[in-house]
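Take 81 as the starting number for the sequence shown in my numbering and just add one per residue.
The beta-carbon is built from N, C-alpha and C at its ideal position, and this holds for glycine as well.
Read through the structure below, which is laid out as structure tokens, and then see the notes.
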Amino acid sequence: MTKKYVHGYDSRESVRLIDQATTLAEILHSDSIYPAGCNVLEAGCGVGAQTVILARSNPKALFTSIDISDESLCAARKRISDEGFTNVSFSKGDIFNLPYPDEVFDHVFVCFVLEHVQNPIDALTCLRRVLKRGGTITVIEGDHGSAYFHPDSEAARRAIRCQIDLQARVGGNSLIGRQLYPLLKKAEYNNISVSPRMVYVDSSKPELIEGFTKNTFIAMIEGIKNQAISTAIINEPDFDKGINDLYRTTKEDGTFIYTFFRGRALK
Ligand SMILES: C[S@@+](CC[C@H](N)C(=O)[O-])C[C@H]1O[C@@H](n2cnc3c(N)ncnc32)[C@H](O)[C@@H]1O
81 MTKKYVHGYD SRESVRLIDQ ATTLAEILHS DSIYPAGCNV LEAGCGVGAQ
131 TVILARSNPK ALFTSIDISD ESLCAARKRI SDEGFTNVSF SKGDIFNLPY
181 PDEVFDHVFV CFVLEHVQNP IDALTCLRRV LKRGGTITVI EGDHGSAYFH
231 PDSEAARRAI RCQIDLQARV GGNSLIGRQL YPLLKKAEYN NISVSPRMVY
281 VDSSKPELIE GFTKNTFIAM IEGIKNQAIS TAIINEPDFD KGINDLYRTT
331 KEDGTFIYTF FRGRALK
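Given below as structure tokens:
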């Protein structure tokens with residue numbers, strides 16, 4: 081398991097996770113469709129940002145959404161109850177010690193979690209145990225090495241590198257998107273397919289500038305400023321220049337590109 085969760089659990093991070101999920105719903109979830117009556121385990125549900133989307137587009141499927149954080153589960157329960165969904169039950173649970181017998185779930189869904197664990201193959205193997213034969217696992221992850229932009233900036237790339245390095249120091253891997261196929265293969269899943277989902281943002285897409293470039297991506301990098309400076313991997317002026325240059329990509333003549341990876345496989 082990860083030593084420490086790099087993004088933390090504060091309210092700004094909760095808002096960022098909601099912005100990320102809402103903005104990317106179409107890109108990431110257009111095919112998150114489950115048959116009526118099936119039982120789906122959502123592992124590492126966080127504050128319920130993806131849960132709401134899954135529950136809405138699959139009103140007849142039953143979701144069991146688990147997380148190790150009581151605080152996140154509390155926020156997720158409130159969000160689902162405020163939206164009036166009745167097809168989700170929440171429990172505290174650790175992916176590495178799942179409180180379920182073998183082969184009870186028809187499908188498993190896991191989004192933006194493997195990047196934070198020290199051994200993603202073990203996580204996938206633990207999830208495989210509770211999945212029925214013939215059931216699917218869906219894994220969605222980003223890859224910070226896939227971020228490029230105009231105007232290009234060495235300082236912006238250095239600020240992003242700080243996030244990659246800090247996450248690696250606590251046992252995570254923010255370059256994991258590119259590894260989904262081999263990870264699923266090593267965890268002995270079958271019929272694996274990985275689909276890259278590119279987000280392309282220019283000034284004709286103000287909703288993506290706000291919801292993705294600023295409120296998801298730049299907010300994430302800004303969120304590690306104190307850790308990056310206190311661990312002396314960068315100095316404050318250099319970090320601030322990187323952030324300024326990232327904001328520069330949101331202007332009239334700027335562009336920002338990032339790729340998520342969505343893996344799907346069978347047990
Ligand atoms: C970046 S958040 C993603 C939350 C949600 N899936 C989303 O996409 O918005 C990662 C979540 O994984 C949870 N997590 C990390 N390790 C876990 C584990 N071993 N078992 C269950 N949840 C875990 C964290 O508590 C956190 O809520």
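- Closer than 6 Å to some heavy atom of ligand 1: that does not describe the Cβ of residue 279.
- Taking C-beta separations shorter than 8 Å and ignoring five residues to either side along the sequence, the partners of residue 227 in its chain run 240, 297, 336, 337 and 338, following chain order.
- Beta-bridge pairing by DSSP links residue 270 to 346.
- Look at residue 210 here: in three-state DSSP terms it is helix.
- Closer than 6 Å to some heavy atom of ligand 1: that does not describe the Cβ of residue 188.
- Minimum Cα-Cα distance from residue 285 among the listed residues 161, 210, 150 and 333 corresponds to 333.
- The beta carbon of residue 116 is closer than 6 Å to those of 140 in its chain, skipping five residues each way along the sequence.
- Restricting attention to 131, 171, 134 and 133, the CA atom closest to the CA of residue 147 is found in 171.
- A direct Cα-Cα distance of roughly 15 Å separates residue 253 from residue 261.
- Per the DSSP secondary-structure output, residue 185 pairs in a beta bridge with 211.
- Distance from the Cα of residue 202 is smallest, within the candidate group 264, 151 and 315, for 264.
- For residue 113, the secondary structure class from DSSP, reduced to helix, strand or coil, is coil.
- With a contact defined as Cβ atoms closer than 8 Å, residue 218 and residue 344 qualify at about 5 Å.
- Cβ atoms of residue 188 and residue 121 come within 8 Å of each other, at about 5 Å.
- Between residue 167 and residue 142, the C-beta gap is smaller than 7 Å, which places the two residues in contact.
- Setting aside the 5 residues that flank it on each side, residue 235 is surrounded in the same chain by 318, 321, 322 and 325, each with a C-beta closer than 7 Å to its C-beta; the list follows chain order.
- Residue 164 is classed as exposed because its beta carbon has fewer than 16 other beta carbons within 10 Å across all chains shown.
- With a contact defined as Cβ atoms closer than 8 Å, residue 342 and residue 258 miss out at about 13 Å.
- The C-alpha of residue 304 is placed about 13 Å away from the C-alpha of residue 250.
- Per DSSP, residue 146 lies in no alpha helix (DSSP H) segment; the continuous beta strand (DSSP E) that holds it begins and ends at 142 to 147.
- When secondary structure is reduced to three states using DSSP, residue 180 falls in the coil class, being assigned neither helix nor strand.
- Straight through space, the alpha carbons of residue 151 and residue 316 are spaced by roughly 31 Å.
- Within 6 Å of the C-beta of residue 191 there is at least one heavy atom belonging to ligand 1.
- The beta carbons of residue 124 and residue 97 sit no closer together than 7 Å.
- Beta-bridge pairing by DSSP links residue 121 to 144 and 188.
- Within the same chain, 147, 170 and 172 come within 7 Å of residue 153 by CB-CB distance, once the 5 residues on both sides are set aside.
- Taking C-beta atoms under 8 Å as the contact rule, residue 216 and residue 134 fail to qualify, at a distance of about 13 Å.
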